[in-house]
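Visitor:
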Amino acid sequence: MFKPRALRINPKTPNQNPAKRHKTIKDAAQILEPLLSIIEPVQTTAASVEPTPQTQSVPQPSEIMIDCIGIAEKGGGNDDITDKTSNVGGEDNNDNAVKRPMKSDEGEADAEDDVTVIERRTDQRFPLPGEPVCVVCGRYGEYICDETEHDVCSLECKKIDIDQTRRFFAHPIRTGSRLTSTPATSAPPPLLTKPLATVGDNLLARLTSYVEHADIARLTATQVDSIRASHHIAVKGKNPPRPILSFHHCGLDLKLAENTLQAGYKNPTSIQMQVIPAGLAGRDVLATAETGSGKTAAFLIPIVAHVWSLSQMYQAPIHTGPTALILAPTRELCMQTEQIAQSLMSHLPNMRTALLVGGLPLPNQLHRLRQGVQLAIATPGRLIDILDHHPDAFDPSHLRALVLDEADAMLRFGFEGQVARIVAALPPCQTYLLSATIPDPVNRLARRLLNDPVSVQVGQPSAPAVSVKQTVMWVENPSKKKQLFSLINDPKYFRPPLVVFVESKVGAEMLARAIEKKCGVRAIAMHGDRTQEERNVVMDEFRRDEHQVVVATGVLARGLDLTGVTMVINFDMAGTLDEYVHQIGRAGRVGKKQGWAITFINDDHKHLFRDFTDILKNLPATQVTPLPHQLLRYNNAPSNKRKAS
């Protein structure tokens, strides 16, 4: 149980701020080295016996260690240590003792330096708000275990914590045997080994113990560069892990690997090839790729692997807060993310999620949190509400991983202040920042939040999806409806299910009714004024092909997996090019046939024309149809050119 270097429990003094606690380390290696032959047999015996009240109690190894270190601190010699250890197997003068004082070299309690250590968890109180919590039983974490750096409440929980930590360091996910225990005869590996250069130096990385698969490790640097180039992957950062070529290269737990396959993930996409190993290695990640490229699974697979590792180490339920948090800008995206997470967690014990979004009853969400969850998926507004008014329900002290999904949307929707408040309330943790575009605000946010990140970019930032063919039509406002009805009524163009994007909520309702009346197809409106229940019903019906057309505001453009959609019509041009990229991306999901996006434009959008045409003119003919002459004429206007002499 003990190593010969200061592994005693460190108590916290009353005036010590829990957020600024530091463990005290005293070097007693040279003094304790001769005693290992005495302590180890006692350790083996103690590990197989549950602590119980005894009338003739035997000193535990932790007590020997505490006494020996106390002598070392006072300057005592080897004779004093021999006297202390000679009582192993002898009588204890304090019958039924629950607390054991640290002794000075004279053998009597020192009024200034004595520390009373609680032996059994049942004798420890429960924590007050803001106090540290025992990682084993949830009681007041009065001490820090020097070997694991975890908060524990007693000698009993210290032993359990060390045993659990060693067991799961001995069985990283690559062995696929997390549900088995380390044989009693095997020597536990050291807990604090130096990680590889590509692996983060944090608890998640060490628990998950990601190691590159042999097939990947034997690749030459030239081969790695060739793989990245062929998949349009650009990587920046110090010592980025090599990309995987198959999900079995991740070394996932057997059940998690099975869940990944059953969830439909057969081969990794370009973004997944690089982000998943970086995430498993515990590195901070900045990932940029087009809409529909598979970014959600790219962060969820390593997040679930890490949460599973932590959940297995903390076998007792933790009721104080999640170990991973995912922030997303919309309710629908949060709900979709939770569904994918639950499919990956299927049949993994002690794995629970909480959905924290507006539009759903808050009491149910608070109850779920208080029951204990491992993963929380939240919108910034609802999480701020919980942190401000129900701080007992969400304790961030156990958080180890943070994801900011669709970061550009969160900033554009005005969530930057809320995100900053949330991050300020969290402890340092592994952070993922994902976005389809990388405007300057996202870059600034990444510089503030990420520590030595691996930056992964697939394709060109702010570029339309390559799997979508784009058609731009010059249509004046009075003619928009007529043009839309003409496209829907022509079987040569109409490809249901179809998504039509408009600017306003009222416009969505009116246009949906007009489509049903004029075209005879089933259409429905989707916007932010609908209740969450109504929005869920619309989404479910749309996925079941009960509606051929959905007329929507921008709420559907962010991250939602609209199965089967291969056609989008921008009835109203998006206000920014970034939003345009997201909207047409609904028609081009990974692994599906080429989609088609039709956009109506006119002089109302002239502030976008120059940049818009610059993007479109650089695309191959297979991705864009000829542009309208009005757009080209406007773009080529000599307003910024010198007059010919």
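Heads up, the sequence shown is in UniProt numbering, so the first residue is 1 and it goes up one at a time.
Don't be surprised by glycine CBs; every beta carbon is placed ideally from N, CA and C.
Keep in mind the model is a prediction, meaning the values are calculated, not measured.
#1: Please work out which residues of its chain come closer than 7 Å, Cβ to Cβ, to D225, disregarding the five sequence neighbours upstream and downstream, and give them in chain order.
#2: Closer than 6 Å by C-beta to Y580: which residues in its own chain qualify, once you throw out the five before and the five after it? Chain order, please.
#3: Return the chain-ordered ranges of every beta strand (DSSP E) run that is complete within the stretch 434 to 512 and spans a minimum of 3 residues.
#4: What does V373 pair with, by DSSP beta-bridge criteria?
#5: Is it buried or exposed, D79, if we count other Cβ atoms within 10 angstroms and call 16 or more buried?
#6: Using 8 Å as the cut-off, can you tell me whether the stretch 360 to 378 makes contact with the stretch 392 to 410, which would need three or more C-beta pairs spanning the two stretches below that distance?
#7: Is it the case that the Cβ atoms of I271 and S293 are separated by a distance below 8 Å?
#8: Answer yes or no: do E156 and R120 have a C-beta to C-beta separation smaller than 8 Å?
#9: Measure from the alpha carbon of P478 to the alpha carbon of each residue in L449, A378, G372, D603, then state which is nearest.
#10: What is the DSSP secondary structure of V423, reduced to helix, strand or coil?
#11: With contact counted as at least three CB pairs below 8 Å, one residue from each stretch, are the stretch 344 to 357 and the stretch 413 to 427 in contact?
#12: Going by C-alpha distance, which of T625, Q124, M510 is nearest W474?
#13: Starting from T599, follow its DSSP beta bridges and name the residues at the other end.
#14: Grab the span of the beta strand (DSSP E) containing A525 for me, first residue to last.
#15: Taking contact to mean 3 or more Cβ pairs, one atom from each stretch, closer than 8 Å, check whether the stretch 523 to 534 and the stretch 606 to 623 are in contact.
#16: Is C153 helix, strand or coil when you go by DSSP?
#17: Between F571 and L434, which are expected to be in contact by the criterion C-beta below 8 Å, what is the C-beta distance as a whole number of angstroms?
#18: Using CA coordinates, which residue listed in L498, V472, I118 is at the minimum distance from H629?
#19: Between which two residues does the alpha helix (DSSP H) holding I615 run?
#20: For the pair the stretch 301 to 310 and the stretch 320 to 333, tell me if three or more CB-CB distances fall below 8 Å.
#21: Just how far apart, CA to CA, sit V565 and E546?
#22: With respect to the alpha helix (DSSP H) encompassing C334, which residues constitute its N-terminal and C-terminal limits?
#23: Who are the near neighbours of C153 in its chain, counting only those whose CB is closer than 8 Å to its CB and skipping five residues on each side?
#24: Within the stretch 256 to 334, note down every full alpha helix (DSSP H) run reaching 4 residues or more, in order along the chain.
#25: If we count the other Cβ atoms within 10 Å of its Cβ and call it buried at 16 or more, is N259 buried or exposed?
#26: Kindly confirm or deny that the stretch 414 to 422 and the stretch 377 to 386 touch, where touching means at least three C-beta pairs closer than 8 Å.
#27: Go ahead and label K517 buried or exposed: buried means 16 or more other beta carbons lie within 10 angstroms of its beta carbon, across all protein chains shown.
#28: Among A217, F501, L254, C250, which residue has its Cα nearest to the Cα of P277?
#29: In the DSSP assignment, find the beta strand (DSSP E) that holds T353 and state where it starts and stops.
#30: Considering only their Cβ atoms, is the gap separating T431 from L449 smaller than 8 Å?
#31: With H, G and I counted as helix, E and B as strand and the rest as coil, what does DSSP make of L245?
#32: Closest to R495 by CA distance: which of I598, E290, L327 is it?
#33: Rounded to whole angstroms, what is the Cα-Cα separation between M345 and L256?
#34: Looking at the unbroken alpha helix (DSSP H) that takes in T222, where does it start and where does it end?
#35: Given A512, which residues of its chain have a CB within under 6 Å of its CB, disregarding the five upstream and five downstream residues?
#36: Can you give me the start and stop residues for the alpha helix (DSSP H) that Y210 sits inside?
Guide: In short, the structure shows the following:
#1: If we look at D225 and ignore the five residues flanking it on each side, it has no Cβ neighbours.
#2: For Y580, where only same-chain residues beyond five positions count, the Cβ hits under 6 Å are A574.
#3: 454 to 458, 468 to 474, 498 to 501
#4: Answer by DSSP bridge pairing: none, since V373 is not bridged.
#5: No answer about D79 holds up, because its pLDDT of 46 lies below 50 and its placement is not dependable.
#6: yes
#7: yes
#8: yes
#9: D603
#10: Collapsing the DSSP output to three states places V423 in a helix.
#11: Pairwise C-beta distances place the stretch 344 to 357 out of contact with the stretch 413 to 427, as fewer than three of them are shorter than 8 Å.
#12: It is T625 whose Cα lies nearest to the Cα of W474.
#13: V472, N570
#14: It spans 523 to 526 - the beta strand (DSSP E) in which A525 sits, taken as one unbroken run.
#15: no
#16: coil
#17: Contact doesn't hold; Cβ gap of about 29 Å is too wide.
#18: V472
#19: Unbroken alpha helix (DSSP H) run through I615: 609 to 617.
#20: yes
#21: Cα to Cα, the separation comes out at about 13 Å.
#22: 331 to 345
#23: I118, R121, Q124, C134, V136, C137, R139, Y140, G141, E142, Y143
#24: 270 to 280, 295 to 313
#25: buried
#26: Between the stretch 414 to 422 and the stretch 377 to 386, the count of Cβ pairs shorter than 8 Å is three or higher; the stretches touch.
#27: Result: exposed.
#28: C250
#29: 353 to 356
#30: Against a cut-off of 8 Å, the Cβ pair of T431 and L449 comes out as a contact.
#31: Annotated three-state conformation of L245 is coil, per DSSP.
#32: I598
#33: Taking the straight line joining both Cα atoms gives about 7 Å.
#34: 221 to 230
#35: A523, I524, A525, V551
#36: Element bounds for Y210: n/a, residue is neither H nor E.
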